[in-house]
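Mapping to my numbering: the sequence shown position 207 is 247, numbers consecutive.
Positions of the beta carbon are idealized from the N, C-alpha and C atoms, including for glycine.
Note that the structure is a prediction, hence the values are computed from the model and not measured.
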Amino acid sequence: MITLFYAANLGAYSVEATLKISGSSTIQSLAEDVANLYKQRYGQPIDVQGGGTDAGIRNTIKGISDIGMVSRALKRNEKSKLHYTTIGFDAVAIIVNVRNPLKEINRTTLITIYNGTIKNWKEITSWDQPITIISKQTGRSTLEVFEEYTGLKHHLHGRGINGNISKDVYEAGSNIEAATLVGGMPGAIGYVSAGTAMLLIEKGMPIKILALDGIAATRDNVINGTYPVRRELNLVYRKYDKRIINYLGLFMSIDGQEIVKAQGFIPVRKDR
41 MITLFYAANL
51 GAYSVEATLK
61 ISGSSTIQSL
71 AEDVANLYKQ
81 RYGQPIDVQG
91 GGTDAGIRNT
101 IKGISDIGMV
111 SRALKRNEKS
121 KLHYTTIGFD
131 AVAIIVNVRN
141 PLKEINRTTL
151 ITIYNGTIKN
161 WKEITSWDQP
171 ITIISKQTGR
181 STLEVFEEYT
191 GLKHHLHGRG
201 INGNISKDVY
211 EAGSNIEAAT
221 LVGGMPGAIG
231 YVSAGTAMLL
241 IEKGMPIKIL
251 ALDGIAATRD
261 NVINGTYPVR
271 RELNLVYRKY
281 DKRIINYLGL
291 FMSIDGQEIV
301 KAQGFIPVRK
311 DR
């Protein structure tokens with residue numbers, strides 16, 4: 041059940057209940073900024089929490105949250121239980137520490153690093169440095185997108201067509217946590233939201249984004265589909281009420297889509 045909203049001026053009203061939002065850390069900062077717009081316009085606060093995509097879906101189905109943040113396409117069984125609105129697009133970026141001489145990586149090399157076969161950067165570069173693998177905790181959509189691309193799976197998810205992600209990894213929760221680990225360890229490699237990575241690099245985080253399969257994770261390459269790991273950014277909800285309609289309307293307004301664009305993501309509206 042997909043719903044698109046392009047009008048935000050739906051009228052203010054007074055309610056006591058605080059709109060509760062939870063889920064993907066990729067979308068969390070966007071949701072918080074739009075929540076500020078909502079409070080300015082309607083005078084009502086919004087509670088935004090992270091926890092990961094799976095938590096957002098679970099909380100929304102159970103009625104704990106009014107809206108769930110989901111940074112991937114919805115599965116068939118999820119679509120049967122929830123309405124959803126796509127508010128933008130993102131890419132999953134492969135990141136390394138700035139000291140790493142590597143500029144690009146391909147799928148095969150990525151697989152052999154993450155399954156533990158390649159253990160030192162000197163095996164693919166001239167740099168003699170042990171590899172530190174940063175992966176994601178279960179319940180994070182970034183992990184699911186990575187699993188789909190590589191054919192590797194977290195050991196708790198069974199065995200992928202290309203085996204399993206090594207157990208000798210650091211498992212991060214949020215994108216910021218993963219990027220901080222990569223920025224703090226010279227030999228580290230990780231995967232995070234491209235939009236988040238770009239913002240962190242602008243703020244001085246000592247990481248860099250690798251081209252993947254020869255394609256840079258640029259805005260144009262994500263839009264035209266040449267970058268190989270693109271994903272949807274969705275908001276899910278069980279029912280309509282004025283709070284939800286007004287919030288989604290703000291997200292799909294010019295101001296809301298400018299927030300999406302300003303944080304390094306791809307707006308769903310063509311006029312942005």
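From this set, the options, which residue's C-alpha is nearest residue i's C-alpha?
i           : options            : result
residue 170 : 309, 229, 182      : 229
residue 254 : 146, 137, 260, 87  : 146
residue 124 : 78, 278, 139       : 278
residue 86  : 67, 94, 96, 106    : 106
residue 318 : 245, 197, 207, 310 : The requested residue 318 is not part of the displayed model; the chain covers only 41 to 312.
Report the rounded CA-to-CA distance for residue i versus residue j, giving the unit in angstroms.
i           : j           : result
residue 262 : residue 131 : 7 angstroms
residue 181 : residue 100 : 16 angstroms
residue 51  : residue 127 : Any answer about residue 51 is weak, because its pLDDT of 44 lies below 50 and its placement is not dependable; what the coordinates show is given next. Each residue's Cα considered, the two are about 21 angstroms apart.
residue 60  : residue 187 : 30 angstroms
residue 114 : residue 265 : 19 angstroms
residue 179 : residue 121 : 18 angstroms
residue 249 : residue 116 : 32 angstroms
residue 25  : residue 110 : Residue 25 lies beyond the range of the chain shown here (41 to 312); nothing can be said about it.
residue 174 : residue 195 : 15 angstroms
residue 271 : residue 167 : 33 angstroms
Does DSSP put residue i in a helix, in a strand, or in coil?
i           : result
residue 233 : strand
residue 129 : strand
residue 219 : helix
residue 271 : strand
residue 301 : helix
residue 51  : Because residue 51 sits at a pLDDT of 44, beneath the cut-off of 50, its placement in the model cannot be relied upon, and the following sentence gives the value as read from the coordinates. Coil at residue 51, not helix or strand.
residue 281 : coil
residue 96  : helix
residue 106 : coil
residue 276 : strand
residue 87  : strand
residue 255 : strand
residue 75  : helix
Pull the bridge partners of residue i from the DSSP assignment, please.
i           : result
residue 172 : 228
residue 204 : 193
Spell out a yes or no on whether the stretch 201-213 and the stretch 286-294 are touching, meaning 3 or more CB-CB pairs, one atom from each, closer than 8 angstroms.
no
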